[in-house]
Structures are given as structure tokens and as C-alpha cells.
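Trainee: There's a structure below that I have some questions on.
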Amino acid sequence: MKELRTHRLILRAWEPSDASFLLDLESRMETMRYLGPGATLMTTMEEALASIGRRRAVRGAGQGIWAVARRDTGRLVGNLLCKPMSEEMQRAIGIGFEQRPSEIGWHLHPEAQGQGCATEAARAVLGYANQANADQPVFAIVDPRNEASQKICDRLGLQRFGRTRGYASAEHLVYVAPSARRQPMGLR
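Using UniProt numbering, the first residue of the sequence shown is number 1, and each one after it goes up by one.
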């Protein structure tokens, strides 16, 4: 997976040494509450290490699951992903593509929220995804109660695509990253 750098951040592969941070991040309801009705809180180091293994396995053109760290200190602040969208979600939002779309998402430690880190990291990943595969559409699936992520989508220039109940039967907003070469059917 490609390491990405922004003015303030480094997006890199998760390492086993990051397990304590990941456990802290994903054991908090305030961090996990918008990640879907099926999201569970992490409770053990073993779960954190297993999750890191799964994150490291996500690879593809313009895809990955990155640990987000501050450039100046190396301190971890969160998680950002751009991964293949499940076929179930593709059906739920009613899209048909020749190439499988990606889903972008983020969650940050409460101490790092509200500082623009999610927007900065997501912008870098969207640029990487576009450079690696401009024909592959990128979507964000957002809980409608998550106003912070809706604002991030707006700052990133993502376009509202619609709504779905296809993610664990709960309503979610669907955004798509604009690109002349990767508009899903119905948006051109």
C-alpha cells in the first residue's frame, strides 16, 4: 500500500505496534457510533491485532486502509479507508458499473476531531484513487445523524447521490466523488 503525505499528516499501513492506539480508538462509542448498526466496540488487544491484519490485506489500485498520523510527531490520530464497495451495497444504492466502485470512510480519535485532519487525509486518498484508477467511482456512505462527516463530504466536493437503507437496514446518505471519467449511471 502506498504511503501518502500531506502538509500535516502521514497516511501509512497499520503496523502491529499500532494495536494499542487502535484498541483505544475503536473501544469508544463516540468514535464507533456512526460506523453502522453492526459496529461493535473493540475490547481486546487480540481483536486489535486481528483487525490490523485485515486492514493490511486491503490493497488495490487507489485503495487501502491507512493509519493516519501527524507528520510532526508521528502520533496516530485515526483511520482512513478506500476499499472495494460490497456487492450488497452496490445493489442497495442501485448502481451498475463495469468496474467495482470504492467506498471511502474515516474515523478519528476524539482528540483529533475538529482540526481538519479527516478532510486533509480524505483529500489525499481521493487524489491517489483518481490518479491510480480514474475510471473507478468512489462513494462515501454516511449516517444522516453524522453532521461532521456530511460537512467533510461537502468540503471535499462530494456530490449527494441519494439515500439507501441497504447498510444493515438503516438509512444512510450516499455521496460520490466527482470526476468526468467515473460518473455512475444516472449522474452524467
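Quick reminder that beta carbons are idealized off the backbone N, C-alpha and C, glycines included.
I need the boundaries of the beta strand (DSSP E) containing residue 169, first residue and last residue.
Mentor: Translated into positions along the sequence shown, residue 169 becomes position 169. That residue, residue 169, is in no beta strand (DSSP E); it is neither H nor E in DSSP.
Trainee: With a cut-off of 8 Å on the beta carbons, I'd call residue 80 and residue 106 a contact; round off their distance for me.
Mentor: As a working note, residue 80 is residue 80 in the sequence shown. As a working note, residue 106 is residue 106 in the sequence shown. The pair is a contact, with the Cβ atoms about 5 Å apart (cut-off 8 Å).
Trainee: Is the CB-CB distance between residue 199 and residue 42 below 8 Å?
Mentor: In the structure as shown, the chain starts at 1 and stops at 188, and residue 199 therefore has no counterpart that could be examined.
Trainee: When the Cα atoms are used, what is the spatial distance from residue 67 to residue 15?
Mentor: As a first step, residue 67 must be located in the sequence shown, where it is residue number 67. As a first step, residue 15 must be located in the sequence shown, where it is residue number 15. Taking the straight line from one Cα to the other gives about 8 Å.
Trainee: Contact between the stretch 146-166 and the stretch 111-128: three or more CB pairs below 8 Å?
Mentor: yes
Trainee: Give me whichever residues DSSP pairs with residue 82 in a beta bridge.
Mentor: Against the sequence shown, residue 82 aligns to sequence position 82. DSSP lists 64 and 104 as partners of residue 82.
Trainee: Please work out which residues of its chain come closer than 6 Å, Cβ to Cβ, to residue 189, disregarding the five sequence neighbours upstream and downstream, and give them in chain order.
Mentor: Outside the displayed range of the chain (1 to 188) lies residue 189, so it cannot be described from this structure.
Trainee: Quick check on the DSSP output: the alpha helix (DSSP H) that includes residue 11 runs from which residue to which?
Mentor: In the sequence shown, counting from the first residue as 1, residue 11 sits at position 11. Here residue 11 belongs to no alpha helix (DSSP H); instead the beta strand (DSSP E) covers 9-13.
Trainee: One question on the structure: do residue 19 and residue 39 come within less than 8 Å of each other, judged by their Cβ atoms?
Mentor: Taking the sequence shown and counting its residues from 1, one reaches residue 19 at position 19. Taking the sequence shown and counting its residues from 1, one reaches residue 39 at position 39. For residue 19 and residue 39, no; Cβs fall outside 8 Å.
Trainee: Thinking just about the alpha-carbon of each residue, which of 117, 60 and 51 is nearest to the one in residue 133?
Mentor: Within the sequence shown, residue 133 is the residue found at index 133, counting from 1. When each option's Cα is compared against that of residue 133, the closest is 60.
Trainee: Can you find the residues in the same chain that come closer than 7 Å, C-beta to C-beta, to residue 142, ignoring five residues on each side of it along the sequence?
Mentor: Counting from 1 along the sequence shown, the entry for residue 142 is found at position 142. 149, 150, 153, 172, 173 and 175, listed in sequence order.
Trainee: Return the residue from the list 57, 137 and 113 that minimises the CA-CA distance to residue 147.
Mentor: Sequence index remark: in the sequence shown, residue 147 carries index 147 (1-based). Minimum Cα distance to residue 147 is reached at 113.
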